[in-house]
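According to this note's numbering, the sequence shown holds residues -10 to 67 in order.
Built from N, CA and C at the ideal position, the CB exists for glycine as well.
Worksheet for the structure shown next.
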Amino acid sequence: MIRGRVTGQVWATKRIETVPNGALLTVELDNGGALIALDVLGCGVGESVLITTGSVAAGYFTRIKAPVDALIIGSIDE
-10 MIRGRVTGQV
0 WATKRIETVP
10 NGALLTVELD
20 NGGALIALDV
30 LGCGVGESVL
40 ITTGSVAAGY
50 FTRIKAPVDA
60 LIIGSIDE
């Protein structure tokens, strides 16, 4: 798992149909990097989150084969 803080949203008015419902959020990682992660939890800017990546992120979606490489899986209580 990767820890980071949500810094903003990415707006995508056009998506392929296998991208699940959820927000695309920019996340600044604790190691100084950044990524875009799919958020199905409803997290907001400034919130600390846990992220999983790769096949684990895509494997969360069992009904479809989702092209997801980074998924927010938890909101860290401050």
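Residue burial annotation: residue 65 is exposed, with fewer than 16 other C-beta atoms found within 10 angstroms of its C-beta. In the three-state reduction of the DSSP assignment, residue 16 falls in the strand class. The Cβ-Cβ distance between residue 14 and residue 32 falls below 8 Å.
Shown here, residue 47 sits in a helix according to DSSP, grouped into three states.
Excluding five sequence positions before and after residue -7, the CB atoms of its chain that fall closer than 7 Å to its own CB belong to 16, 17, 18, 19, 38, 40, given in chain order.
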